[in-house]
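Undergrad:
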Amino acid sequence: MNLVLSRATAISGMPTLPAGHVVLMAFSWLSMILYVCIIWTIIRWRKYVYFLRSSYYYLLVLQAFIDFHMFLTVELIMRPRKFNFFNLFSSHMLIYAKFTYMNLFVSNTAFAFCHLFIALNRLTAFYSPLLHNKVGCAFFETFIGLLFFTLTSDPSLYWPSFLQLPCIKPLSLCHVLKHVPPVSDP
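Counting from 1 along the sequence shown, just add 22 to a position and that's the residue number in our numbering.
(1) Ignore the nearest five residues each way along the sequence and tell me which others in Ile140's own chain have a CB closer than 6 angstroms to its CB.
(2) Answer yes if the region 60-68 comes into contact with the region 127-144, meaning at least three C-beta pairs across the two stretches below 8 angstroms, and no otherwise.
(3) Check this for me: beta carbons of Ile99 and Thr122, under 8 angstroms apart or not?
(4) Taking the alpha-carbon positions, what's the Tyr57 to Tyr79 distance?
(5) For the alpha helix (DSSP H) that Phe73 lies in, which residues bound it at each end?
(6) In the DSSP assignment, find the unbroken alpha helix (DSSP H) run with Val96 in it and report its ends.
(7) Just to confirm, are Asn143 and Thr95 a CB contact at a threshold of 8 angstroms?
(8) Take the Cβ of Leu84 as the centre, count every other Cβ of all protein chains shown within 10 Å, and call the residue buried at 16 or more, exposed below.
(9) Could you tell me whether the Cβ atoms of Ile61 and Ala86 are closer together than 8 angstroms?
(10) Measure from the alpha carbon of Val128 to the alpha carbon of each residue in His91, Ser50, Leu74 and Tyr149, then state which is nearest.
(11) For Thr63, which three-state DSSP category applies?
(12) Which first and last residues belong to the alpha helix (DSSP H) in which Pro102 is found?
(13) Exposed or buried, what is Ser150 when buried is set at 16 or more other beta-carbons lying within 10 Å of its beta-carbon?
(14) Going straight from the alpha carbon of Leu39 to that of Leu52, what length do you get?
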């Protein structure tokens, strides 16, 4: 296995992955494919099987979208940053660090919103079961799902530290004080 990895490294110029990471990556991709197949089956059979239309399965599908987003963040953004795949951002590592931090921030915020919504759903099921049938409808859960994806994607649009503009130099206190004229005594 190391021979295959070393030949792949020599061909592509990518760093070698430790064997544990290769096994973990293969297991995680296979389990995510199985997870997506299960969710796809639930969505497809929801029309025909009544109990798949319950709020539990709506919440399960909602959580699956968040899990899939977190998986893609780790596998496609965080792991290449750790091992510097493809030497994509060797000259601009600050931009890549901000990009990975922003994606991790969005994933964690969406994860927290999803758990908050699941807790709210379970609270209404326990506190007032008759109201829960009205609150737990598909439209409301779809609306909440779109709402928290919108709320978590907004910071990436206007967060100023996400962009690195070459024309703007960072100001420090020393830089500002150098250009302040001295105070003359009257």
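Idealized CB from N, CA, C, for every residue including glycine.
For clarity, every value in this text was computed on a predicted model and none was experimentally measured.
TA: Walking through what the data contain:
(1) The answer, listed in chain order, is Leu81.
(2) No, because fewer than three Cβ pairs between the region 127-144 and the region 60-68 fall closer than 8 angstroms, the two stretches do not touch.
(3) yes
(4) C-alpha separation (whole angstroms): 14 angstroms.
(5) Per DSSP, Phe73 belongs to no alpha helix (DSSP H) and is neither H nor E.
(6) Taken as a continuous stretch (DSSP letters only), Val96 belongs to no alpha helix (DSSP H), as it is neither H nor E.
(7) no
(8) Answer is buried; the Cβ neighbour count reaches 16.
(9) yes
(10) His91
(11) helix
(12) Arg101 to Phe105
(13) It counts as exposed.
(14) Each residue's Cα considered, the two are about 18 angstroms apart.
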